[in-house]
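Presented below is the structure to which this report refers.
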Amino acid sequence: MKKEFNELLRRCFVLGLFLMFMGIQYSYAQQTITGTIIDENNSPIPGANIVVKGTTNGTQSDFDGNFSITASPNDVLSVSYLGYAEENITVGDQSSITVTLREDASLLDEVVVIGYGTAKKSDVTGAVAQVTAKSFEDQPLTRVQDALQGRAAGVTVAGSGQPGAPTKVRIRGVNSITGSNDPLVVIDGVFGGDLSTINPNNIQSMEVLKDASALAIYGSRGSNGVILVTTKKGSGKAKVSFDQFVSFSTVEKRLSTLSSAQFAQLENEEFIANPVNDPVDAPYSAGQISAFEANPIRYQDLIFKTGITNNSQLSISGGSDDGVRYFLSGNYIDQTGTQITSKYNRYSFRSNLSKEFSDKFSLAANVTASRETTVNDQDAFSSGDGSGILRSITWDPTAPVRDTDGNYILRSPREVANNNYNPIRRLELSDHEFTSDRLNLTLNGKYNFTDNLSYTLIGAVSTIHSSTESYRVEGDFEATGFVNIGYNNFKNTSHQISNILNWNKEFGKNSLDITGVYEFQGARGLTNGYNVSDLNVPGLYLADDSNAENFFNSGNQSAIESYLGRLQYNYDGFVYLTGSMRVDESSRFSEGNRTGYFPSGAIALNFGNKDFIQNSGVFSALKLRAGWGKVGNQNINASARFSTNSGTGLYTFDGVTSNTGEVQDQEGNGDLTWETTTQTNVGLDFGFFNNRLTGSIDWFNKDTEDLLLQTIVPGTSIRNFINAGEVNNTGIDFSLSAAIVQTDNFSWDATFALSKLKNEVTSLYDDTEFIVGNAAGIGGGGIRLNVIKVGEPLGTFWGYEYQGTWKTNDNIPVDGDGNPLFQPGDAKFALDENNELEFRTIGSGLPDITFGFNNTFNYKNWNLNMFWNGSLGFDVYNQVTGTISGNGGNRSNLSPTVYDRWTPENETDIPRAGTGNVLNSSRWVEKGDFVRLSNLKLGYTFGEDIIKGVSSLQLYVSASNLLLITDYSGFDPEVSSNVRTYTGETANPDAGAGIDAGAMPNPRTGTLGMKLTF
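For what it's worth, the numbering used here labels the leading residue of the sequence shown as 208, then goes sequentially.
The structure is reproduced here in structure tokens:
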């Protein structure tokens, strides 16, 4: 027994020694590790999870990103945070560790804004495209719209190179013929935003709602799509960011025209060809022609110049431990355009403040203010004879801007070329200034009654005050109607109150989310001003003594009250159901027609959580979606249902004296009601290789009926609005994102977006097959360039079908007496059965396909971004080239094609000398297809050790519009002119899409910039 006891004691002693040794070893190996978690911009990340891998030993980083944890040298620390790729760090002999987390492409977009709330991307049942700040931060931008271009499938963006000019954004085609097709912009929950006034650096993300199941929650304002803009909020340690860039812009291309000497020689030849003229009296001498050859006058060089843009941005953001978050931003843009005397500048300020008072109550207040000023926008001038660019291109190339005494030459001394007033003088003497001030205040309060029930109140007020001070010199001071002076003042105030109640609950595998909304909005606008003409005064403020004064004022107000119910159900992360009903009541319609009902429903099946997907080794996500819904459009003037008069009527009681009086200009229609769009969408979301490759594809069909159509009462000039006609849009949206290469030192990320669209007018009214559009041709004469026709898309061109020239051996038709109707060398057009010229549809300005391809390369501290975009399957009505070839306002032929005109010895397809030029014909319709290298940027980011106190410094160079691949002969196939109607009003930009009457081209721009973070 004693022996056994001693053996037990020995074993216990050995075990004790072993345990003591192990304890000593463990106490020696375990140590306290401290560290900091930061992002790629060296900003701290609070709340990051740090766990010793394989254990439950873990902690979180504090407000400044700091942490402390006990670990041994062989332990691996796993560091993770939502939206960032996980990092695994072996402790080794380190006692202090700095961990940099990088954004994970597969996790970053996990949460999207869906309107009146947010949702995980995997839970979304509708067609929603998201554009985050990261996707466009590598492109120096002054316009938010450019951030959408080519980055969101189903969205088309078309603008011009004019500083401050509006940019056209369309989502899944166009619906309305005479109404607005602009999408609704909602900024931080507030309706009626304007993308052009937002500083791109203030945007966190933009969600584009495209199908009716996503749009129906916005009811009567959702038919053209909705863009939800979320601005940045502060968090973490205080951060100061300063961005500065300067850009230099030029219009590189020059259109082909006759030189000064060539034009003079041609004028001489045509003069001498007339047998009644004496060659001695030819307009130009040999000496003058020689002088033109030595010193040609190039008006394209005179109208264009190098534009310079300075953009400065300062922001301060951060948060505190007591729940305060702040983001303050100021931006200043100063831009001179590429057309002489054109300018634009904008001041903007944003303050986003929020405070979490407790787990139950939080409050946020947003304030934005901006002032923008545009000077000498070419669209502000009369354009009946073309834009300022077109007038310059077609002005007398043998006449200088000024004479030898330094005075402006008013007209062509020889009354040749376009015989209009000096286009350079017009711009240099004019001062047309538009100024717009905006102030928006938003208060957002949220109270959580329980973990499942919350109430949100959004209150917003907005005011816009804009004014136009215009002094436009259109011609001679002594001539009637050619000095126009005016002042216009516009004020608009609007308000919004949104009450949002949300309840959500999980029951085992079931999840339910119910949202109820009651909201109302109102707006009131006032306009007043005056204009005068025929004054020989040098400026605006001297225009107080004229017999041609015209004072005017007008106003309108509208209101809308809305109710919304939305239910979202999720079973086991597999079946998702969404249903909503919105009821809108609008004051724009008469009582009895004011209420519109807009239902929607959607279903999604998420196979990504199923074993056969997770174990496939290929798929990492797969979701099938389908949705249907109705949305409306009320985008007409608030007075459209009323009869109105104008004080422009003239009547004589004695047969001699004219008296001004009231005349009806609009016939009211009390039966007006909503324009309604019904849309069906089927989509597929997918991911491969652990979401290294993700994408989506959607098919949609939109039918818009009861169009709010402006017509003319037969036999009068009185307009009226009716509900008539239908338009169909059907197409496919496709997007793809890939993290192609991901290594420690090098990464390559790419996104691709493509949309295919077919637009068709399916019916009009009273069995009408077509309506001739109101886009006026150059030079007047009642020429119309567009048509709205059943079976054709909106934006269809109208004119004669050009078939070349009549040749000597052609069977030329004859009249009743046997005389030929045409001569060899005449322009040949398609004829009807009576051998008369026949108007036909000759092209369309709406693209079939639009796409964008964005690539970002990172190598250590170097960054390279390359963004391409393009459009295919559309035409351009090139009125510029047509006008250069003569006509359109008594213009001479300035085209080099005159050297290849039809002659008996050379029977070409260019009409012979002496024949007129028809501008509204397919001769001037060209394919507009293009591919553009929109942005190429190279940057280098320095670390925090470069300058004391600076956490990040990036220097970069960038080039925009660096390469344009197209067969279009004009300046730029992507821009459309702001076409005027035959009555002088602005034509619908979609019905007149693709018409180039001298639009300002997008310039080529080089940029130098820096981004500095403290």
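Don't be surprised by glycine CBs; every beta carbon is placed ideally from N, CA and C.
Note that this is a predicted model, so its numbers are computed, not measured.
Compare the C-alpha of residue i against each of the options and name the closest.
i, options, result
"Asp271", "Phe511, Gly242, Ala571, Leu1162", "Gly242"
"Gly1011", "Trp1069, Asp1116, Thr1063", "Asp1116"
"Glu293", "Val319, Lys260, Leu634", "Lys260"
"Asp892", "Lys328, Glu579, Asn651", "Lys328"
"Ile985", "Ala419, Asp1017, Thr601", "Thr601"
"Phe636", "Lys996, Val1125, Lys837, Thr548", "The question names Phe, but residue 636 is Leu in the sequence shown. Residue Thr548 is the option with its Cα nearest to Leu636."
"Asp905", "Thr581, Asn888, Thr911, Thr918", "Asn888"
"Gly1213", "Ile515, Ile929, Val286", "Ile515"
"Ser367", "Ile434, Gln1030, Met1207, Phe1221", "Met1207"
"Thr1091", "Asn1100, Asp485, Gln585, Asn1085", "Residue identity check: residue 1091 is Ile in the sequence provided, not Thr. Among Asn1100, Asp485, Gln585, Asn1085, the Cα nearest to that of Ile1091 belongs to Asn1100."
"Ser793", "Gln728, Thr785, Phe758, Gly836", "Gln728"
"Arg633", "Ile616, Phe641, Lys837", "Ile616"
"Val739", "Phe714, Ser765, Val690", "Val690"
"Asp1148", "Met1217, Leu1140, Ala1034", "In the sequence under discussion, the amino acid at residue 1148 is Thr, which differs from the Asp named in the question. Cα-wise, what sits closest to Thr1148 is Met1217."
"Thr700", "Asp644, Phe656, Gly682", "Asp644"
I need the straight-line Cα distance from residue i to residue j, nearest angstrom please.
i, j, result
"Val870", "Phe697", "25 Å"
"Ile939", "Leu1145", "34 Å"
"Leu1160", "Ser594", "44 Å"
"Ala340", "Thr851", "47 Å"
"Leu943", "Leu1038", "48 Å"
"Ser807", "Gly834", "7 Å"
"Thr1288", "Ser524", "Residue 1288 cannot be examined here, being either before or after the span of the chain that is shown, 208 to 1221."
"Arg557", "Phe398", "17 Å"
"Gly693", "Gln369", "22 Å"
"Pro390", "Asp913", "19 Å"
"Ser577", "Pro347", "20 Å"
"Ser962", "Ser589", "36 Å"
"Gln232", "Thr239", "Only weak support exists for where Gln232 lies, its pLDDT of 41 falling under 50; the coordinates are left without a value."
"Ala372", "Val283", "56 Å"
"Gly723", "Arg309", "38 Å"
"Phe1221", "Tyr288", "23 Å"
"Gly772", "Tyr425", "11 Å"
"Leu1215", "Val453", "6 Å"
"Val668", "Val392", "15 Å"
"Ser519", "Tyr662", "39 Å"
"Gly230", "Asn256", "With a pLDDT of only 42 at Gly230, under the threshold of 50, the placement of this residue in the model should not be trusted; the figure read from the coordinates follows. Between Gly230 and Asn256, the C-alpha separation is close to 28 Å."
"Phe1036", "Gly862", "47 Å"
"Ser430", "Val319", "21 Å"
"Phe470", "Ser1102", "9 Å"
"Thr263", "Asn1209", "59 Å"
Assuming residue i and residue j form a contact by the criterion Cβ under 8 Å, report the distance between their Cβ atoms to the nearest whole angstrom.
i, j, result
"Ser1176", "Asn1142", "About 25 Å separates the two Cβ atoms, so there is no contact after all."
"Pro1000", "Ser1051", "5 Å"
"Gly980", "Asn993", "3 Å"
"Ala945", "Arg899", "7 Å"
"Ser536", "Asn409", "5 Å"
"Asn583", "His639", "5 Å"
Could you give the residue range of the alpha helix (DSSP H) that holds residue i?
i, result
"Ser467", "467-480"
"Asp818", "818-821"
"Ala498", "493-501"
Which residues share a DSSP beta bridge with residue i?
i, result
"Lys1035", "Bridge partners of Lys1035: none, in fact."
"Phe1178", "Phe1178 pairs with nothing; no bridge assigned."
"Met788", "Gly772, Pro806"
"Glu726", "Ser705, Ser769"
"Ser797", "In the DSSP output, where bridge partners are listed per residue, Ser797 has none listed."
"Thr239", "Thr277"
"Thr1048", "Trp1005"
"Gly1077", "Phe1058, Val1138"
In terms of residue numbering, what span does the beta strand (DSSP E) encompassing residue i cover?
i, result
"Tyr506", "It is not in any beta strand (DSSP E) - Tyr506 instead sits in the alpha helix (DSSP H) that spans 506-510."
"Arg645", "638-655"
"Val668", "660-680"
"Val331", "It is not in any beta strand (DSSP E) - Val331 carries neither H nor E in the DSSP assignment."
"Ser420", "Taken as a continuous stretch (DSSP letters only), Ser420 belongs to no beta strand (DSSP E), being part of the alpha helix (DSSP H) at 419-422."
Going by the C-beta, is residue i closer than 7 Å to any heavy atom of the ligand HEM?
i, result
"Trp1069", "Inclusion of the ligand HEM in the displayed structure is not the case, the ligand content being empty and no account of it being possible."
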